[in-house]
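The structure appears below as structure tokens.
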Amino acid sequence: MKTTTAHQTELSANIVLFCRFLRNKSFTISATEEADALAAVSYLPIHAEDYFREALRSVIAKSQFQQAKFNEYYYEFKEQLKKATDSKAKELPEEKKQPEKKNRATQFEALKDWLNLTPSEEEKEIAAYSDIEVLSKKDFLDLSEDEMRLMLRVLQKMARKLVHQKSRLRKVSKRRQTLDLKQTIRANMRKGGEIQQLVFSQKKDRKLKLVLLCDVSRSMDLYSRFFIHLMYAFQNAYDKIETFIFSTALHRVSEILDNNEFDKAFATISERVPHWSGGTTIGSCLRDFTQHYGHGMLDKKTIVLILSDGWDTGEPEIMKGAMKTIYKKSKKVIWLNPLAGSPDFSPEAIGMKTALPYIDVLASAHNLESLKQVLIQLRSRRNLLYTL
Amino acid sequence: MKSEELSQIKQMLHGQGYIDDGAIAMSVFLAMKLEKPLLVEGPAGVGKTEIAKVMAKAMKTDLIRLQCYEGLDSTHALYEWNYQHQLLYLKMQEGKGQDIKALEENIFSDKFLLKRPVLHAITHPEQAVLLIDEIDRADEEFESFLLEVLSDWQVTIPEIGTIEATNKPQIILTGNRTRELSEALRRRCLYLWIDYPTFEKELAIVKSKVPKIDQKLGTQICAFMKELRQMKLEKTPGISETIDWARALASMHLTYLDKQTVEDTLGVVLKDWQDIRHTQDALSELLEKTGVTSRIG
Numbered sequence: 021m022k023t024t025t026a027h028q029t030e031l032s033a034n035i036v037l038f039c040r041f042l043r044n045k046s047f048t049i050s051a052t053e054e055a056d057a058l059a060a061v062s063y064l065p066i067h068a069e070d071y072f073r074e075a076l077r078s079v080i081a082k083s084q085f086q087q088a089k090f091n092e093y094y095y096e097f098k099e100q101l102k103k104a105t106d107s108k109a110k111e112l113p114e115e116k117k118q119p120e121k122k123n124r125a126t127q128f129e130a131l132k133d134w135l136n137l138t139p140s141e142e143e144k145e146i147a148a149y150s151d152i153e154v155l156s157k158k159d160f161l162d163l164s165e166d167e168m169r170l171m172l173r174v175l176q177k178m179a180r181k182l183v184h185q186k187s188r189l190r191k192v193s194k195r196r197q198t199l200d201l202k203q204t205i206r207a208n209m210r211k212g213g214e215i216q217q218l219v220f221s222q223k224k225d226r227k228l229k230l231v232l233l234c235d236v237s238r239s240m241d242l243y244s245r246f247f248i249h250l251m252y253a254f255q256n257a258y259d260k261i262e263t264f265i266f267s268t269a270l271h272r273v274s275e276i277l278d279n280n281e282f283d284k285a286f287a288t289i290s291e292r293v294p295h296w297s298g299g300t301t302i303g304s305c306l307r308d309f310t311q312h313y314g315h316g317m318l319d320k321k322t323i324v325l326i327l328s329d330g331w332d333t334g335e336p337e338i339m340k341g342a343m344k345t346i347y348k349k350s351k352k353v354i355w356l357n358p359l360a361g362s363p364d365f366s367p368e369a370i371g372m373k374t375a376l377p378y379i380d381v382l383a384s385a386h387n388l389e390s391l392k393q394v395l396i397q398l399r400s401r402r403n404l405l406y407t408l
Numbered sequence: 229m230k231s232e233e234l235s236q237i238k239q240m241l242h243g244q245g246y247i248d249d250g251a252i253a254m255s256v257f258l259a260m261k262l263e264k265p266l267l268v269e270g271p272a273g274v275g276k277t278e279i280a281k282v283m284a285k286a287m288k289t290d291l292i293r294l295q296c297y298e299g300l301d302s303t304h305a306l307y308e309w310n311y312q313h314q315l316l317y318l319k320m321q322e323g324k325g326q327d328i329k330a331l332e333e334n335i336f337s338d339k340f341l342l343k344r345p346v347l348h349a350i351t352h353p354e355q356a357v358l359l360i361d362e363i364d365r366a367d368e369e370f371e372s373f374l375l376e377v378l379s380d381w382q383v384t385i386p387e388i389g390t391i392e393a394t395n396k397p398q399i400i401l402t403g404n405r406t407r408e409l410s411e412a413l414r415r416r417c418l419y420l421w422i423d424y425p426t427f428e429k430e431l432a433i434v435k436s437k438v439p440k441i442d443q444k445l446g447t448q449i450c451a452f453m454k455e456l457r458q459m460k461l462e463k464t465p466g467i468s469e470t471i472d473w474a475r476a477l478a479s480m481h482l483t484y485l486d487k488q489t490v491e492d493t494l495g496v497v498l499k500d501w502q503d504i505r506h507t508q509d510a511l512s513e514l515l516e517k518t519g520v521t522s523r524i525g
């Protein structure tokens, strides 16, 4: 009898310790999980370790990543615990807990091992495992083919999410959602005020119109492949989107992106665009855009996204005129400059300087995390904020 | 004694033709014991929904299913007032000179409440299994609606008050990560990740679902599927596709795979034309890895 209770307390203490150990490994474990873990163990045969481990895993690990890592951490912890008990074999369980609490004062080698790991290294280890987590901080330049593919999926998800924005305005709905009293009464007036027909309303979809202008000149070469990925993701999620690429001349590529799978679209685009990776005349390209398409495509519901590093070899005046028109006619102008990701960036390029007064948001978008910030911008109105 | 309960669950799953690898039985067992919802994630077609079905069958209770979709709101998931009946009732009471307050109480009573799956599940006379399928498809807003049910087993209706569960239902939520679920939801659930099965597990599943299948054919199918999943496909086939395929081939009384059969029946396994095209291009190589062509010649 006595031994079982002792065993229980030691077990409970170890579970608590283990939870603490996992917290250090960036698991989010609240008191609820700890309580669940203790409760779960009480339902199990004590001596079956596999059961024990599995039970802890289903209670504590709350995502695919955590489940995948759980077993490894479990054995790591066990190993350390074993070492700790071996070296101080005669210690009582309560005392065993203390050095771990004290952290730095610990005399156990094994415990020292994992405590000495700098958090950054540990983060790296975790991040390297979880694809998306690491991707979000990695510069787009360093992506491998596989990562690119994964990135495309993430982008598509993000784009799709943006499409389904709800406006605060309501419209009549065929589905039974919220009862629209005003419309109900109005509809039944002609029936002598006798309420026979019910009218429901639902939130309107907020339709976002997007124009993408992507620089594919040589200076942008490294990023443009990625940006085409981005455009592709958008093109497939939105109805009202127009995509252009430019270097020395402007090309409309919406249809190519619309009707093909990515690799083919990419190949077709590079084939059709003669000045791929040539020099840039941003100004004249933007002017072409405003002259030929601006009238039909730009309005106060349209957000314009320009992807370029701002190295313009043309006249600044042309650029200025074009940017002014775009700014005036659109809802918002977002300029993505991958160079802006480096800490010592300042908008030095003449093109960039000229365009700056006509840009609502200037962002780096050199990795997924910064891109996410930009996508949030797509939801809001013009607010004259520079995010660098 | 305690291990008996666990093995009972295993037998229960087994009895319904569900092959598990230990982790699943453990999660189901703990979800029942700790009275917590179970969140099951994994790629499409690995048997997430099946868990709920099997549980309902084994517990001999009703399975209440809520299929999530974009724009799903509380009127479709929790409850709704039966407006038409309310109107008719009002009409009938007209001229009777009934007290307004009493009338209002009457209108907003149980009688005029349409129970949608979630409310239905918690007011069920016996413990039911509530399957909330593909929760990641619903909006984030809807997730928050669910939190009250998941942790406190109750639904609050402004006009009536709080309805508490008569019997805590066994809730299973499934998702395949089209969207990251909120931390709040995860915290309230036990979590289970089901991955594509190992070769042995898949073979066992095929044998249990398609008992008349030829041993050699079954082995080849599973080996082929294993290789197929290594390819970069738009939609990687799950176990349900394997079973469909095994059924199809078994009903044709085949005893082994050959290239022609695979080519003809690929549509059962792959549901995306690009995938089919890619696979056809790589078919010989795939079959070689599976060890099919070498046997034929």
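Note that the protein sequences, when read in sequence, are chains B and V.
Each number in the working numbering corresponds to the 1-based position in the first sequence with 20 added.
Each number in the working numbering corresponds to the 1-based position in the second sequence with 228 added.
The beta carbon of each residue, even a glycine, is placed where N, CA and C say it ideally should be.
Model, not experiment: these values are computed from the prediction.
For residue i, which of the options has the nearest alpha-carbon?
i: B/F256; options: B/K321, B/Q217 and B/L175; result: The question names Phe, yet the displayed sequence has Asn at residue 256 of chain B. Among B/K321, B/Q217 and B/L175, the Cα nearest to that of B/N256 is on B/L175.
i: V/A412; options: V/Q398, V/I441, V/L378 and V/M283; result: V/L378
i: V/R407; options: V/E269, V/G245 and V/L294; result: V/E269
i: V/Y297; options: V/E263, V/I360, V/K463 and V/W501; result: V/I360
i: B/T263; options: B/D241, B/I289, B/D235 and B/V231; result: B/V231
i: V/K281; options: V/R505, V/T390 and V/G243; result: V/G243
i: V/D338; options: V/Y311, V/M320, V/K319 and V/I504; result: V/Y311
i: V/E232; options: B/A68, B/K45 and B/A33; result: B/A68
i: B/S237; options: B/V36, B/F282 and B/S267; result: B/S267
i: B/H249; options: B/L31, B/I354, B/A342 and B/V273; result: B/V273
i: B/E96; options: B/C39, B/M178 and B/A51; result: B/C39
i: V/D423; options: V/D249, V/I237 and V/L358; result: V/D249
i: B/G303; options: B/I326, B/D283 and B/R292; result: B/I326
i: V/R405; options: V/L347, V/E392 and V/W421; result: V/W421
i: V/A272; options: V/E362, V/T351 and V/R414; result: V/E362
i: B/V36; options: B/P367, B/I215 and B/A55; result: B/A55
i: V/L347; options: V/G403, V/E376, V/T493 and V/Q488; result: V/E376
i: V/E308; options: V/L498, V/I385 and V/A356; result: V/I385
Does residue i come within less than 8 Å of chain V when only Cβ atoms are used?
i: B/I215; result: yes
i: B/S50; result: yes
i: B/D106; result: no
i: B/V79; result: yes
i: B/E389; result: no
i: B/A59; result: yes
i: B/A130; result: In this prediction, B/A130 has a pLDDT of 41, which is less than 50 and means its spatial position is unreliable; what the coordinates show is noted afterwards. Cβ-Cβ to chain V under 8 Å: no for B/A130.
i: B/Y406; result: Here B/Y406 scores only 45 on pLDDT, less than 50, and its place in the model is too uncertain to base an answer on.
Quick check: is the beta carbon of residue i nearer than 8 Å to any beta carbon in chain B?
i: V/G250; result: yes
i: V/Q236; result: no
i: V/T303; result: yes
i: V/I524; result: The predicted model places V/I524 with a pLDDT of 47, which falls under 50 and marks its position as unreliable; any figure quoted below should be read in that light. Cβ-Cβ to chain B under 8 Å: no for V/I524.
i: V/M254; result: yes
i: V/Y311; result: yes
i: V/Y424; result: no
i: V/Y419; result: yes
My guess is that residue i and residue j are in contact by the Cβ rule of under 8 Å, so how many angstroms apart are they, rounded?
i: V/L210; j: V/L267; result: Since the displayed chain V opens at 229 and closes at 525, residue 210 of chain V lies outside it and no answer follows.
i: B/T204; j: B/L218; result: 6 Å
i: V/V256; j: V/I467; result: In fact, because the Cβ distance is near 17 Å, the residues do not count as touching under 8 Å.
i: V/Q382; j: V/T390; result: 5 Å
i: B/D235; j: B/D308; result: About 14 Å separates the two Cβ atoms, so there is no contact after all.
i: B/T301; j: B/G334; result: 4 Å
For residue i, which residues from the same chain have a beta carbon less than 7 Å from its beta carbon, with the 5 sequence-adjacent residues on both sides left out?
i: B/L277; result: M251, Y252, Q255, T263 and A285
i: B/E145; result: Note that B/E145 scores a pLDDT of 39, beneath 50, so its modelled location is shaky and nothing firm can be said.
What residues in its chain sit with their C-beta under 8 Å from that of residue i, if we drop five residues either side in the sequence?
i: V/M254; result: L234
i: B/T48; result: K82
Using a Cβ-Cβ cutoff of less than 6 Å, which residues in the same chain neighbour residue i once the five nearest sequence positions on both sides are dropped?
i: V/E387; result: F336
i: V/T464; result: R457
i: V/E516; result: none
i: B/A385; result: L356, L391 and V394
For the ligand NAP, I want to know if residue i counts as a neighbour, meaning its beta carbon is within less than 7 Å of at least one of the ligand's heavy atoms.
i: B/K202; result: No copy of the ligand NAP occurs in the structure displayed, which carries no ligand at all.
| Sequence ranges, beta strand (DSSP E) only - wholly within the segment 249–298 of chain B, length at least 3 | 261–266 and 270–272
| alpha helix (DSSP H) segments (min. 4 residues) lying fully within the segment 356–408 of chain B | The qualifying runs are 370–375 and 388–397.
| What residue ranges within the segment 250–299 of chain V form continuous alpha helix (DSSP H) runs of no fewer than 4 residues, ordered along the chain? | 251–262 and 276–286
| task | Just list the beta strand (DSSP E) runs in the segment 335–370 of chain V, keeping only unbroken ones of 3 residues or longer that don't cross its boundaries, in chain order. | result | Runs found: 341–343 and 357–361.
| field | Inside the segment 376–462 of chain V only - alpha helix (DSSP H) runs reaching at least 4 residues | value | 411–416, 427–437 and 443–458
| said: Restricting to runs no shorter than 4 residues, where is the alpha helix (DSSP H) found entirely within the segment 292–331 of chain B? | reply: Taking only runs of at least 4 residues, the alpha helix (DSSP H) segments lying wholly in the segment 292–331 of chain B are 302–312 and 314–317.
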